[in-house]
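Protein chains in written order, with this note's numbering: chain U, 1 to 207; chain B, 1001 to 1207.
The beta carbon of each residue, even a glycine, is placed where N, CA and C say it ideally should be.
Number of protein chains: 2
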Amino acid sequence: MSERPIDRRRAETRREILAAAWELCHQEGLAGLSLRELARRVGMRAPSLYSYFASKDAIYDAMFAEGQIELGEHMSFLPDDDLTREDFRAGAQAFFEFCTSDPVRYQLLFQRTLPGFEPSPETYALATDRLERLETQLASAGVSHRRHLDLWTAILTGLTSQQISNDPGGDRWARLLDDVVDLFCDHAGVPPTEPSKNPRTTTRSRK
Amino acid sequence: MSERPIDRRRAETRREILAAAWELCHQEGLAGLSLRELARRVGMRAPSLYSYFASKDAIYDAMFAEGQIELGEHMSFLPDDDLTREDFRAGAQAFFEFCTSDPVRYQLLFQRTLPGFEPSPETYALATDRLERLETQLASAGVSHRRHLDLWTAILTGLTSQQISNDPGGDRWARLLDDVVDLFCDHAGVPPTEPSKNPRTTTRSRK
DNA sequence: GTCTATATCCAGATAGAC
DNA sequence: GTCTATCTGGATATAGAC
Chain U
1 MSERPIDRRR
11 AETRREILAA
21 AWELCHQEGL
31 AGLSLRELAR
41 RVGMRAPSLY
51 SYFASKDAIY
61 DAMFAEGQIE
71 LGEHMSFLPD
81 DDLTREDFRA
91 GAQAFFEFCT
101 SDPVRYQLLF
111 QRTLPGFEPS
121 PETYALATDR
131 LERLETQLAS
141 AGVSHRRHLD
151 LWTAILTGLT
161 SQQISNDPGG
171 DRWARLLDDV
181 VDLFCDHAGV
191 PPTEPSKNPR
201 TTTRSRK
Chain B
1001 MSERPIDRRR
1011 AETRREILAA
1021 AWELCHQEGL
1031 AGLSLRELAR
1041 RVGMRAPSLY
1051 SYFASKDAIY
1061 DAMFAEGQIE
1071 LGEHMSFLPD
1081 DDLTREDFRA
1091 GAQAFFEFCT
1101 SDPVRYQLLF
1111 QRTLPGFEPS
1121 PETYALATDR
1131 LERLETQLAS
1141 AGVSHRRHLD
1151 LWTAILTGLT
1161 SQQISNDPGG
1171 DRWARLLDDV
1181 VDLFCDHAGV
1191 PPTEPSKNPR
1201 TTTRSRK
């Protein structure tokens, strides 16, 4: 289970390559990733990359996995049980911020735009695990219909993708977030937070 | 103003090339458009395409324009004045169907995923004209805040993109459409349609 | 005017020397 | 592990036949 020095070094080089790949994609677009240029940036020739990744798609796959893990960490502040309306608001804000802060990452994780690329089963499992956790969280707030889960994801990705496509760097859709969360919560039956109490320490009326 | 035969022929060949380009993109993905393969499919060699389009991006631009015009036609059944809640429902259904029926076209029109490609000003004007018409239509139903316009587009593109990305060919998000339209209309103050009257022939209570 | 042929450049990927 | 050399093939652009 412990890492040999050779594996540590190898993992470090992989990380270095991935960091350069992200930077390159930020500059040239997700599909603009070129192995020659990527290799140049880490002081290699293109064929040497194949010692670390089996193919260009394997690099995309590792980036996809990295993005999913980052998203999981970014959302990990949310409790698994007894979500309040405040948690919905904070969760929406966090997801929105995560996505809009890196449109290229958003494109890789949530849009299917790279011809021929599909995440590997192991990597895709990261995405489904995350969705299952969300399902659990919503259910803990009494939102247990798949319709409501689907509505929640549609609302969030809708605001997010509009913000990215039509007002990058701005807040035209960001400002709608709180209203939309309230709209959803009213619809899905998540009770309003009592303004006089602290939602994180109050006993909930729901059992 | 009238077309010379030579221009007619040229326009026809352009249309033929565009049709083949759409077919190729449907098969290989939007970014998978190859000029060699495109030329092969219309019985040409690649360089001959340059007699009809100045560049590959010019082909994308023409496809973008074509898509915008198709969308305009697809939505043209909607009146410009006095939209009812029924019109919102029908409009949402029509937009959703238009988008999900051709994910590649949706990607070209609404997502910014082709590195380096931007529609020309003339072509982009088709998109802004369409959005202005939508603005007018919403205003005619008393929905005149930009917040509501933005919410409407976010909701529609959210449901649409989720359907395309996560349940292509299915109806998982399509089934949410009517509920969401009602949610939006309640929020934006579009009055419910009286069930006993025909919304297209009834005198509206709103002036 | 439109075509074929060709030139240049760049892409992902592999073989094999070291 | 990293390199050079090379394969296949796409994108752009030009020359010149017809």
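Counting along the chain, glutamine 68 (chain U) sits inside the alpha helix (DSSP H) bounded by residues 56-74. With a threshold of 8 Å between beta carbons, glutamate 86 (chain U) makes no contact with chain B.
CA-to-CA, the gap between glycine 1043 (chain B) and glutamate 1012 (chain B) works out to about 14 Å. In this structure, threonine 153 (chain U) sits away from threonine 84 (chain U), with a CB-CB distance that is not shorter than 8 Å.
For proline 1121 (chain B), the enclosing alpha helix (DSSP H) stretches over residues 1121-1140.
In its chain, beyond the 5 residues on either side, Phe96, Gln163 have a beta carbon closer than 7 Å to the beta carbon of alanine 174 (chain U). A distance of 8 Å or more separates the beta carbons of leucine 159 (chain U) and leucine 134 (chain U). Between histidine 1148 (chain B) and alanine 1188 (chain B), the C-beta spacing is below 8 Å. Against chain B, a Cβ distance below 9 Å from leucine 109 (chain U) picks out nothing, because the smallest value is about 10 Å. Look at the segment 1150-1167 of chain B: the residues with a C-beta under 7 Å from a C-beta of chain U are Asp1150, Leu1151, Thr1153, Ala1154, Ile1155, Thr1157, Gly1158, Leu1159, Ser1161, Gln1162, Ser1165.
Listed by position along chain B, the residues whose Cβ is nearer than 8 Å to that of leucine 176 (chain U) are Arg1147, Asp1150, Leu1151, Ala1154. The shortest C-alpha to C-alpha distance from serine 1120 (chain B) to any of B:Asp1061, B:Gly1170, B:Leu1035, B:Ala1031 is the one to B:Asp1061. Judged by their CB atoms, alanine 1039 (chain B) and arginine 1045 (chain B) are nearer to each other than the 8 Å cut-off.
When Cβ-Cβ separations below 8 Å define contact, alanine 31 (chain U) makes contact with chain B. Going by DSSP, tyrosine 106 (chain U) is part of the alpha helix (DSSP H) stretching over 103-110. Residue environment analysis places glycine 67 (chain U) among the buried positions, since at least 16 neighbouring C-beta atoms fall within 10 angstroms of its C-beta.
With contacts defined by Cβ atoms closer than 8 Å, threonine 1113 (chain B) and glutamine 137 (chain U) do not form a contacting pair.
Secondary structure at proline 79 (chain U): coil, using DSSP grouped into helix, strand and coil. At least 8 Å separates the CB of proline 47 (chain U) from every CB of chain B. Residue state for valine 180 (chain U) is assigned as helix, using DSSP reduced to three classes.
In this structure tryptophan 1022 (chain B) does not touch methionine 1075 (chain B) by the C-beta definition: roughly 20 Å separates them, more than the 8 Å allowed. Taking C-alpha positions only, aspartate 129 (chain U) is separated from aspartate 1007 (chain B) by approximately 58 Å. Using a CB distance cut-off of 8 Å, tryptophan 1022 (chain B) does not count as an interface residue toward chain U.
Straight-line measurement puts the Cα of tyrosine 52 (chain U) at about 10 Å from the Cα of arginine 15 (chain U).
In the three-state scheme derived from DSSP, where H, G and I count as helix and E and B as strand, arginine 1045 (chain B) is classed as coil. Scanning its chain for C-beta atoms nearer than 7 Å, with the 5 sequence neighbours on each side dropped, one finds around phenylalanine 1098 (chain B) the residues Leu1071, His1074, in chain order.
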